[in-house]
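Report on one structure; see the data block that follows.
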Ligand code: C2E
Ligand code: CA
Ligand code: CA
C-alpha cells in the first residue's frame with residue numbers, strides 16, 4: 287500500500303485523491319486472483335473484495351464486521367495470528383509474505399500466498415490489509431509434479447526429450463539399463479542407444495505413428511554403452527501444449543533380456559532333454575508329424591529308428607545312476623555326430639533314443655539300404671568303448687526301424703511299428719537291427735488277440751489240466767505231468783506251446799500259474815484220499831517269472847494247505863532259464879520248497895545254458911532229458927551220447943533221471959540200458975483229460991508198483 291501511495295500518477299496527470307481512491311477501489315475489487323481484506327486493530331473486517339468471496343466462500347455482506355479469527359483463521363493459528371496482528375499494528379510493518387493454509391467457509395483449507403501491510407491515514411484508525419493469492423492451482427500442479435517425479439524415478443528406464451528429440455532428462459533406471467550416466471545422455475538424441483539392428487523404415491514408421499497418434503509402442507533392439515545389444519520394450523508418448531504443439535517426448539523402456547532368457551529357458555525345457563541336450567519326445571513327435579506330412583507332399587520317404595541300450599538296467603543297478611547318466615550323455619554325443627543336419631536324434635526318456643531320417647529315396651529298397659547303412663553306423667559307433675568315471679564300459683544297443691513313404695501313416699502307427707521292430711531286435715539278441723515288416727505286424731496282431739483271448743479264457747474258466755503218465759523202469763505208473771490245455775471257443779483246443787510264451791511275455795503267466803497250482807493241489811487231494819492213487823506224484827510246470835515272485839513259496843504253501851494236499855506228492859518242473867540270474871535267491875527258494883517236502887525237477891535238461899557247475903548247488907531231485915535228445919534215438923549216436931552223459935551226471939549227483947518224449951519201445955530200451963530211471967512219452971500215453979487218466983489207474987491198482995523212483 288506504501289507503493290500505491292508513493293506513486294500516485296501511474297496514468298499521467300495529477301489525479302485528485304478522490305479519483306485515486308475510486309481507481310484503487312476498482313482495482314482491488316477486480317483483482318481476480320487476489321483476495322484483499324482490510325482489518326481494524328481489533329480484527330474487525332472492514333474491506334472484502336470480490337475475489338475474497340470466491341476464495342473463502344463468504345459474501346461481503348456476511349463477512350464485513352466479522353472478526354478475522356472467526357472468519358478465515360483456522361483454530362490452530364489463532365494464537366500466532368493474534369500475536370502477528372498486534373506486532374504489525376505496533377510496528378506499522380507487515381510480516382514477511384508466506385504460504386498459509388487458511389479456512390474456507392465450508393471448513394476446508396485454502397492454500398494461499400499471503401502478504402500484509404498496515405495503512406495508516408492520519409486521523410483515522412490504521413488498517414491492516416491482507417492480500418492472499420489463491421495457490422490452489424499451483425498446489426495441484428505441484429502435487430502432480432511430485433507424482434511425476436516419483437514416477438520418473440521408477441524401475442523402468444525413462445527419458446524425456448524436447449520436441450526436436452534432444453534428451454533433456456533420463457532417470458536412474460535408464461542409466462542402469464544402458465550404462466549411460468545422465469550427464470552423458472543429456473544433450474544427445476536417443477540415437478545414442480540405437481543398435482543398428484532396426485532398419486530406417488522401422489524408425490520412419492515409428493515417427494509416423496508418433497506424429498499421427500502421439501504414441502508408439504514396440505520392441506526395439508538397443509545397445510548398451512558396453513556394446514551389448516538387448517531387447518527393449520519401448521513406449522513413447524508425445525507431450526503437447528495447450529495449442530496442440532509437441533513440446534516433449536517421454537520414452538519408457540523395459541529391458542526384455544530377462545524375459546527373453548526366461549522364454550528361451552522355457553523353450554529348452556519344453557523341447558529338449560536336460561540330460562543330453564537332445565530334442566525330447568515332444569519335439570521328436572512334432573518333427574515326425576511334419577516329416578510325415580512333408581513326405582506325403584514330396585513323395586519321398588523317411589525312417590524312424592528306435593534305439594534301446596542293451597542291459598542298461600544292469601549298468602544302472604551295478605554302477606549307479608550317475609554312471610548310467612554318463613553313458614546316456616556319451617551315446618547322445620555319438621548320435622549327434624552320426625546324423626546329418628536335416629535329421630533328428632532325440633531322447634525319448636530312460637535309455638530310449640530315436641533317430642528320424644528325412645528325405646530318403648522314394649524307392650523303398652534304396653531307402654531301406656540307406657537306412658541300413660545309417661543303422662549299422664549307429665550300431666558300430668555305439669558299441670565302442672565308453673569312458674565312464676572310473677572305468678571303461680563296453681555297451682551296445684538294439685535298433686528297431688520302420689520306413690514311411692508317401693502312403694499315409696499316422697504318427698502313432700509309426701511309433702508302434704518302430705517299437706515292435708525294436709522288440710524283435712531285442713528278442714534276437716543284443717547289438718541287432720530289425721526292420722519292421724508286415725509279417726511282423728501280423729504276428730504282433732495275432733499275439734495281441736491271443737492275449738485278449740487268454741484273459742477272457744481265465745475269466746471264463748476255459749482252461750483244463752491234461753495229465754501225461756510217467757512210468758518207472760518196470761513200466762509201473764508213478765505219476766503224471768500236468769499239462770495245461772486251453773479250450774478256446776473260437777480256436778478250439780490250443781496247445782500251451784502257442785500260448786505259454788505270450789502269457790509269459792505279458793505277465794498273464796502269473797494268474798495262469800496260480801490257476802494250475804490250484805487245480806494240481808485239488809487233484810492231489812483227491813488222489814491222496816484213495817489208496818490206489820495216494821502214491822502218485824504230480825509234476826507241475828513253473829515258469830521262471832512265476833518262480834521269481836517274492837511270495838511264490840507262500841503261494842505254494844497256502845494252496846497245498848487249502849486242499850490239504852500232500853507236499854511230497856507235488857513236483858515242480860523248473861527250467862534252466864531260471865538259473866541264469868540271481869542264482870542265490872533261486873537256491874534259497876528251492877531249498878525252502880524242498881524243506882516243505884516238494885520235489886524239484888530240472889525240465890528240458892541239456893537245451894539250456896548248461897553250465898554244469900551250478901548243478902551241484904541245487905537241491906534237485908530229478909533231471910528230465912529233453913525230448914530233442916530222445917527223438918532220434920536209437921539211431922543217432924550224438925543224441926545217445928548226450929543222453930548217456932546226462933544219465934551218468936544224474937547218477938553221480940544222486941539225481942533221478944527221466945526221459946521225456948519216448949515214443950517207441952526201442953527208445954525206451956536204449957535209455958533203460960543206459961541207466962535211465964523214468965520215462966514219459968506217447969509210448970506210455972499222450973497227455974489226456976483227467977477222466978481218461980483215471981481209467982489208466984484201475985488196471986494198475988491190482989499190482990502196486992515195486993519201485994517208486996521217479
Ligand atoms: P514240456 O514241459 O516239455 O512238456 C512236454 C511237452 O511234450 C508237452 O507238450 C507234451 O504234450 C509233449 N510230449 C510228451 N510226450 C511226447 C512225445 O512222445 N512225443 C512228442 N512229440 N511230444 C511229447 P505240451 O503239452 O504242448 O506242452 C508244451 C510246453 O508248454 C511244455 O513243455 C511246457 O513247457 C509248457 N507248459 C505246459 N503246461 C504248462 C503249465 O501248466 N505251466 C507252464 N508254465 N508251462 C506249461
Ligand atoms: Ca515239463
Ligand atoms: Ca520238457
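Residue numbers (this note's numbering): 287 to 996.
Beta carbons are placed, not taken as given, at the ideal position from N, Cα and C, and that holds for glycine.
Burial state of residue i, where buried means 16 or more other Cβ atoms lie within 10 Å
i: residue 499; result: exposed
i: residue 402; result: buried
i: residue 989; result: Only weak support exists for where residue 989 lies, its pLDDT of 49 falling under 50; the coordinates are left without a value.
i: residue 633; result: buried
i: residue 436; result: exposed
i: residue 303; result: exposed
i: residue 734; result: exposed
i: residue 1007; result: With the chain running from 287 to 996 in the structure shown, residue 1007 is simply not present.
i: residue 653; result: buried
i: residue 528; result: exposed
i: residue 418; result: buried
i: residue 342; result: buried
i: residue 506; result: buried
i: residue 501; result: exposed
i: residue 331; result: buried
i: residue 932; result: buried
i: residue 584; result: exposed
i: residue 373; result: exposed
i: residue 334; result: buried
i: residue 673; result: exposed
i: residue 1014; result: The structure shown has nothing for residue 1014, since the chain only spans 287 to 996.
Residue i in three-state terms, based on DSSP
i: residue 807; result: helix
i: residue 583; result: helix
i: residue 921; result: coil
i: residue 541; result: strand
i: residue 395; result: strand
i: residue 527; result: coil
i: residue 515; result: strand
i: residue 945; result: strand
i: residue 553; result: helix
i: residue 607; result: helix
i: residue 546; result: helix
i: residue 955; result: helix
i: residue 561; result: coil
i: residue 489; result: helix
i: residue 532; result: strand
i: residue 722; result: coil
i: residue 821; result: coil
i: residue 700; result: helix
i: residue 706; result: helix
i: residue 685; result: strand
i: residue 447; result: strand
i: residue 588; result: strand
Integer-rounded CB distance, given that residue j should sit under 8 angstroms from residue i
i: residue 718; j: residue 711; result: 5 angstroms
i: residue 591; j: residue 685; result: 6 angstroms
i: residue 806; j: residue 740; result: Actually they are not in contact, since the Cβ atoms of residue 806 and residue 740 sit about 19 angstroms apart, beyond 8 angstroms.
i: residue 875; j: residue 905; result: About 10 angstroms separates the two Cβ atoms, so there is no contact after all.
i: residue 966; j: residue 754; result: 6 angstroms
i: residue 749; j: residue 801; result: 6 angstroms
i: residue 252; j: residue 856; result: Lying before the first or after the last residue shown, residue 252 is absent from the chain, which here runs from 287 to 996.
i: residue 637; j: residue 598; result: 4 angstroms
i: residue 397; j: residue 387; result: 6 angstroms
i: residue 629; j: residue 641; result: 7 angstroms
i: residue 400; j: residue 382; result: Actually they do not touch by this definition, with Cβ atoms about 10 angstroms apart.
Closer than 7 angstroms: residue i CB and nearest ligand 5 heavy atom
i: residue 910; result: As presented, the structure is devoid of ligand 5, carrying ligand 1, ligand 2 and ligand 3 as its sole ligands.
Segments assigned alpha helix (DSSP H), at least 4 residues, entirely inside the stretch 621–670: Counting whole runs of 4 or more residues, the stretch 621–670 contains the alpha helix (DSSP H) stretches 650–668.
Closer than 5 angstroms is what we want: which residues have a beta carbon that near any heavy atom of ligand 2? List them in chain order. Residues flagged by the Cβ proximity filter: 827, 859 and 889.
Could you give the uninterrupted runs of the alpha helix (DSSP H) lying entirely in the stretch 751–810, keeping only those of 4 residues or more? The stretch 751–810 contains these whole alpha helix (DSSP H) runs: 782–792.
Output the residues surrounding ligand 1, defined as those with a CB atom closer than 5 angstroms to any ligand heavy atom, in chain order. That gives 769, 770, 781, 782, 783, 786, 802, 827, 829, 947, 949, 967, 968 and 973.
Segments of 3+ residues assigned as beta strand (DSSP E) that fall wholly inside the stretch 310–366: DSSP assignment within the stretch 310–366 yields the following whole beta strand (DSSP E) runs of 3 residues or more, N-terminal first: 320–325 and 331–334.
So within the stretch 835–905, which uninterrupted alpha helix (DSSP H) runs reach at least 4 residues, ignoring any that extend past its ends? Correct list: 838–849 and 869–882.
My parser needs the alpha helix (DSSP H) runs of 4 or more residues fully inside the stretch 361–445; what are they? You should have 364–377 and 422–438.
Taking only runs of the alpha helix (DSSP H) that begin and end inside the stretch 454–505, which ones reach a length of at least 4 residues, in chain order? Those alpha helix (DSSP H) runs which fall completely within the stretch 454–505 and span 4+ residues are 458–464, 468–471 and 486–499.
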